[in-house]
Amino acid sequence: MTSRVWLVIIVALLAISAMAVAGSYNHLVLLDQAVQAQWGQVENVYQRRADLIPNLVATVKGVANFEKSTYIAVAQARAKVGQIAGPVNAPATAALTPSNPAAFAQYAAAQDGLTSALSRLLAVVENYPQLKANENFLTLQAQLEGTENRIAVERMRYNDRAQEFNTYRQSFPTLLIAGLFGDRFAPKAYFQAQPGAQNAPKVQF
Numbered sequence: 000m001t002s003r004v005w006l007v008i009i010v011a012l013l014a015i016s017a018m019a020v021a022g023s024y025n026h027l028v029l030l031d032q033a034v035q036a037q038w039g040q041v042e043n044v045y046q047r048r049a050d051l052i053p054n055l056v057a058t059v060k061g062v063a064n065f066e067k068s069t070y071i072a073v074a075q076a077r078a079k080v081g082q083i084a085g086p087v088n089a090p091a092t093a094a095l096t097p098s099n100p101a102a103f104a105q106y107a108a109a110q111d112g113l114t115s116a117l118s119r120l121l122a123v124v125e126n127y128p129q130l131k132a133n134e135n136f137l138t139l140q141a142q143l144e145g146t147e148n149r150i151a152v153e154r155m156r157y158n159d160r161a162q163e164f165n166t167y168r169q170s171f172p173t174l175l176i177a178g179l180f181g182d183r184f185a186p187k188a189y190f191q192a193q194p195g196a197q198n199a200p201k202v203q204f
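Residues 0 to 204 in numbering that gives the first Met the number 0 are what the sequence shown lists, from first letter to last.
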């Protein structure tokens with residue numbers, strides 16, 4: 000074959016390779032955006048829960064002899080979440096992303112700690128009939144129950160999106176292409192279920 004033919008072949012191969020790289024890159028971007036969007040949904044429902052807690056604590060504090068240590072534990076757990084994610088009602092820190100496993104695990108553990116503290120508080124309420132008859136408390140209880148259910152759903156959906164991204168990223172030749180972009184397409188962390196975490200906290204009486 001002439002040099003001209005070889006040149007055409009080389010150009011064609013380069014064009015095919017460039018299209019393959021572009022296709023993989025664009026698909027990685029698409030999946031990455033889906034993960035980020037779902038992560039935003041997770042943050043939204045966690046924020047909803049954080050916004051409910053001050054009123055919940057204020058309500059139980061108003062009942063005589065209610066266990067002080069119980070609602071203090073909730074307030075402290077909420078504050079711990081805020082320290083990791085940034086001030087309540089403010090965006091999370093840049094380090095807290097699905098691509099930062101250490102920060103992600105710390106955030107998830109803090110949220111699980113808050114879930115446990117809330118569960119203990121709501122269990123203690125069983126000993127206080129005046130709270131169980133309090134209209135404000137009942138409203139907060141219903142809102143919290145719905146939020147906890149939504150948290151479980153959104154975490155599951157996030158894990159589905161993360162798995163889809165990670166599976167595609169680890170496939171060949173996408174694995175090689177993703178490596179060309181450094182941390183731009185780092186693997187996504189998963190929410191790990193705690194014992195019993197597959198069920199939303201029971202807050203009905």
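Idealized CB from N, CA, C, for every residue including glycine.
Here the alpha carbons of E66 and K60 stand approximately 9 Å from one another. Here F103 carries a helix assignment [DSSP, helix/strand/coil]. The beta carbon of G112 is closer than 7 Å to those of A76, K79 in its chain, skipping five residues each way along the sequence. Taking C-beta separations shorter than 6 Å and ignoring five residues to either side along the sequence, the partners of V124 in its chain run L130, following chain order. Fully contained in the segment 110-160 are the following alpha helix (DSSP H) runs of length 4 or more, in chain order: 128-131. In this structure, A57 is the residue among A63, Q82, A57 with its C-alpha nearest to the C-alpha of Y70. In chain order, L139 place their CB closer than 7 Å to the CB of N54, counting only its own chain and leaving out the 5 sequence neighbours on each side. Below 8 Å, enough C-beta pairs join the segment 159-169 and the segment 29-37 to call them touching: three or more. Rounded to whole angstroms, the gap between the alpha carbons of A36 and A19 is 26 Å. From the listed residues Q162, L179, I8, A74, the smallest Cα separation to A188 is found for Q162. G39 and I52 have their C-alpha atoms roughly 20 Å apart. With contacts defined by Cβ atoms closer than 8 Å, V152 and L117 do not form a contacting pair. Secondary structure of T58 (DSSP, three-state): helix.
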